[in-house]
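Remarks on the structure that follows.
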Amino acid sequence: MPLLAQSGYGRAEKIQKGLKSGCIKGVILSPRDEEPAKLKDFSAELRETYNDALILFDPQFYATTVLCPRDQNLPSYDYYNNNKGLSRTKFTPQGIQRYVSEALAFQNSVQELSYYISPTVIFEDFRDSWSQISLGLAEQAIEHWSKDLSRNKPLLCSLAISEFAFRNREGLDEFLDAISAWDVNGFYLLINRNSTSSNAIFDSTALGNILYFIHVLSRINNYEVFCGYSDWHSFILEAVGASHTACGWFQNLKNFSMSRFLPAGRARQPRKRYSSGPLLSSILINPELEAVYSIGSLPTALSGTSHDSILVNHGPAAGEQFWSGEVACLSHWETISSIASSLSGQPASKQLELATNKINMAKTLFRSFQQREIIFDPSTGPNHLDIWLQAIQNFKNSISSF
Amino acid sequence: MATKILYSEEEMALAFQKKLLSKKGLPGIGPFWRVFKEVLSLSGRPDFLGIQKKNRKKVQFSNLNGSIVVSSIMALLKPNTSKSLKTIVKNTGFSLPVVKRVLKGLVEDNHIVQAGADMFKGTEVSLIAEMETFVFELKLNNTKRAIFQAQQYKSFAHHVFIIAPPSRIPNYRKFKKVLDLWGIGLASFDPDTLSFKIENPSVPKEPASKQQLLYTVYNAMAQQAAL
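As they're listed, the protein sequences go chains A and B.
Just so you know, our numbering puts 154 at position 154 of the first sequence, and the rest follows in order with no gaps.
Counting the second sequence from 1 gives a position; our numbering is that position plus 402.
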């Protein structure tokens, strides 16, 4: 499954290095974090060096509905600046028409983009008025793309949905009925998390319904489904049919939340983590990985990436100072990507079984470490693994009655 | 049934601070040259950081700010060997413009010396060689959390002690192996009598990360006056 870089602040050389190593297959650009000219230059540079890289652009139009947003470079984009501070009443049919044409016009001006992504707003419930606005924006985008842009490249309809909305299965089914009739290439799906912290555990009912939502769109209706900010969930999303997932480097580029666009205080320096494939978790280098090392079990927790030698050669605690943000990001991408690759190529029915086996193996490994008195921070796990298993079970129950 | 503790963690911390700052310091450990409370580190915020000097030599603490870039560069540069700009960028993981800007400031303030075009080395004064750091984490309850935090602090401190009320010491028995493996000390402290007793000695060890040690000490020095 092709993993994409979810771009944002502080990209430096991460994307180029990720593409070069093959652990990512493209990028979703963030206008909040780049001026238009710089973004265009970067797209051109990528296209020239990596001809087959997927380059997408999330218009981040949802930020127009936030009052006093932390929108950084977004105001330098006309489609955003002309329309910021939108309330519900501003989404008239004429308004929607203008927002869509402006947002797609900018994307049309960036030749290197592989897809169009329609503008959208976030909604909290499948039956609320914002969900209707979201549908209106997507339908207008399809019309504009068909008539005015002559479908000159594929279109993804963007959906930004609160995780809480997925608890309402009835509303979800109605919504699926509406969107699964669209004549479009696919969807760019964002799940608005309630919290961006690394221990932001999903509700298992909501996650199960998200899996169902993706499955219906991809496997039943043959749409491409791009899941943004999917982090560790990537392999489960692929197992149910997601065609692409994306993940960035900072916590706010791994989990999608509108808090990224809201005023905030100064964040504290994040503690360094190692993405352990066998544990399916980003564990703290110190003390968690160091504790594993101290009992002589380091190899069992390593993902086998090309960056592991830094921690193996020095020992985790001593090697932590060489574990830069860039190394952590590339290692994380390599780990997520390799887990997902181990599922791809398998029949759809087998993929979920393999994903479940991986989760059970991670649970066993966590348990064996805990039995040897290794203490894990609650943000590390292993509680998330039980939630994943429960969500997969909920999903299986849903499709068995499909 | 566990004995009820009639004081809060803050009250315990106030009493412990008094003991730390006393002329004789802590029994079995001795007095401290400097003591700081709730210091910012890259591995959490320990309740107390005490610094002992290894000898009577005057230690010149630089007035460096506690940024992660400064501490990463200072940890990398040694007085006898020069390092190239390229190596510094590669080993610290920061971008070239950021490293260049910080190096310029460090050279101007004589914290490091430029040893040729794009070559740099540390100065003769080795801050780390002159001091021994002690971290004290006070906990009334939550034994596991105390051990987890203590393990984190080993990345920048020579000694780490968990301080618990005497009645809570038995809760740590089942973690004896972990405490010994990590060299974490355990001591009881009674805020009513100010009695301090080492129950499990700390094993002194060079901090795992020189960079984290410098970051913590620079922050302590720059952001707060010693108690």
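Glycine residues also receive a C-beta, built at the ideal position from the N, C-alpha and C atoms.
DSSP state of residue i mapped onto helix, strand, coil
{"i": "S344 of chain A", "result": "coil"}
{"i": "D78 of chain A", "result": "helix"}
{"i": "T595 of chain B", "result": "coil"}
{"i": "S590 of chain B", "result": "strand"}
{"i": "T535 of chain B", "result": "strand"}
{"i": "K612 of chain B", "result": "helix"}
{"i": "R575 of chain B", "result": "helix"}
{"i": "Q132 of chain A", "result": "helix"}
{"i": "H144 of chain A", "result": "helix"}
{"i": "K363 of chain A", "result": "helix"}
{"i": "I201 of chain A", "result": "coil"}
{"i": "A12 of chain A", "result": "coil"}
{"i": "A5 of chain A", "result": "strand"}
{"i": "G208 of chain A", "result": "helix"}
{"i": "L505 of chain B", "result": "helix"}
{"i": "S218 of chain A", "result": "helix"}
{"i": "L408 of chain B", "result": "coil"}
{"i": "L498 of chain B", "result": "helix"}
Beta bridge counterpart(s) of residue i as assigned by DSSP
{"i": "Y274 of chain A", "result": "A:I283"}
{"i": "A160 of chain A", "result": "A:I122, A:L190"}
{"i": "N602 of chain B", "result": "B:L588"}
{"i": "C68 of chain A", "result": "None, per the DSSP bridge assignment."}
{"i": "H244 of chain A", "result": "A:F226"}
{"i": "K456 of chain B", "result": "Per DSSP, none; premise fails for K456 of chain B."}
{"i": "I117 of chain A", "result": "A:L156"}
{"i": "S443 of chain B", "result": "B:G446"}
{"i": "G85 of chain A", "result": "Answer is none; G85 of chain A lacks a bridge partner."}
{"i": "L137 of chain A", "result": "None, per the DSSP bridge assignment."}
Closer than 8 Å: residue i CB and nearest the ligand ZN heavy atom
{"i": "V562 of chain B", "result": "Summarising the ligand content, the structure contains no ligands, and the ligand ZN is consequently not present."}
Residue-chain proximity (residue i, chain A), Cβ-Cβ < 9 Å
{"i": "F496 of chain B", "result": "yes"}
{"i": "A477 of chain B", "result": "yes"}
{"i": "N602 of chain B", "result": "no"}
{"i": "G587 of chain B", "result": "no"}
{"i": "F577 of chain B", "result": "yes"}
{"i": "W584 of chain B", "result": "yes"}
{"i": "K485 of chain B", "result": "no"}
{"i": "F538 of chain B", "result": "no"}
{"i": "F550 of chain B", "result": "yes"}
{"i": "K480 of chain B", "result": "no"}
{"i": "A417 of chain B", "result": "no"}
{"i": "N493 of chain B", "result": "yes"}
{"i": "G446 of chain B", "result": "yes"}
{"i": "I571 of chain B", "result": "no"}
Interface flag, residue i vs chain B, CB-CB below 9 Å
{"i": "V327 of chain A", "result": "yes"}
{"i": "W406 of chain A", "result": "Chain A is shown only over 1 to 402; residue 406 of chain A falls outside these bounds and no answer can be derived."}
{"i": "N286 of chain A", "result": "yes"}
{"i": "A12 of chain A", "result": "yes"}
{"i": "D322 of chain A", "result": "Here the sequence assigns Phe to residue 322 of chain A, which means Asp is not the residue at that position. Taking Cβ atoms only, chain B reaches closer than 9 Å to F322 of chain A, which makes this a yes."}
{"i": "S297 of chain A", "result": "no"}
{"i": "G315 of chain A", "result": "yes"}
{"i": "E373 of chain A", "result": "yes"}
{"i": "Q269 of chain A", "result": "yes"}
{"i": "A318 of chain A", "result": "yes"}
{"i": "A291 of chain A", "result": "yes"}
{"i": "S294 of chain A", "result": "yes"}
{"i": "K90 of chain A", "result": "no"}
{"i": "D78 of chain A", "result": "no"}
{"i": "D377 of chain A", "result": "yes"}
{"i": "K272 of chain A", "result": "yes"}
Extent of the continuous beta strand (DSSP E) run through residue i
{"i": "G26 of chain A", "result": "26-29"}
{"i": "K523 of chain B", "result": "521-524"}
{"i": "V491 of chain B", "result": "Note, V491 of chain B: premise wrong, no beta strand (DSSP E); alpha helix (DSSP H) at 487-494."}
{"i": "R47 of chain A", "result": "No beta strand (DSSP E) contains R47 of chain A, which is instead part of the alpha helix (DSSP H) from 36-49."}
{"i": "V471 of chain B", "result": "Looking at the DSSP string, V471 of chain B is not in any beta strand (DSSP E); the run it does join, the alpha helix (DSSP H), is 470-478."}
{"i": "V562 of chain B", "result": "561-566"}
{"i": "V515 of chain B", "result": "514-516"}
{"i": "R436 of chain B", "result": "436-439"}
{"i": "F57 of chain A", "result": "54-57"}
Span of the alpha helix (DSSP H) around residue i
{"i": "A417 of chain B", "result": "411-423"}
{"i": "F395 of chain A", "result": "383-400"}
{"i": "A178 of chain A", "result": "169-179"}
{"i": "Q553 of chain B", "result": "545-555"}
{"i": "Q107 of chain A", "result": "93-109"}
{"i": "F235 of chain A", "result": "234-239"}
{"i": "S294 of chain A", "result": "290-294"}
request  = Note down, one range per segment and in chain order, each alpha helix (DSSP H) of at least 4 residues found wholly within the segment 297-359 of chain A.
outcome  = 298-301, 309-314, 316-319, 325-343
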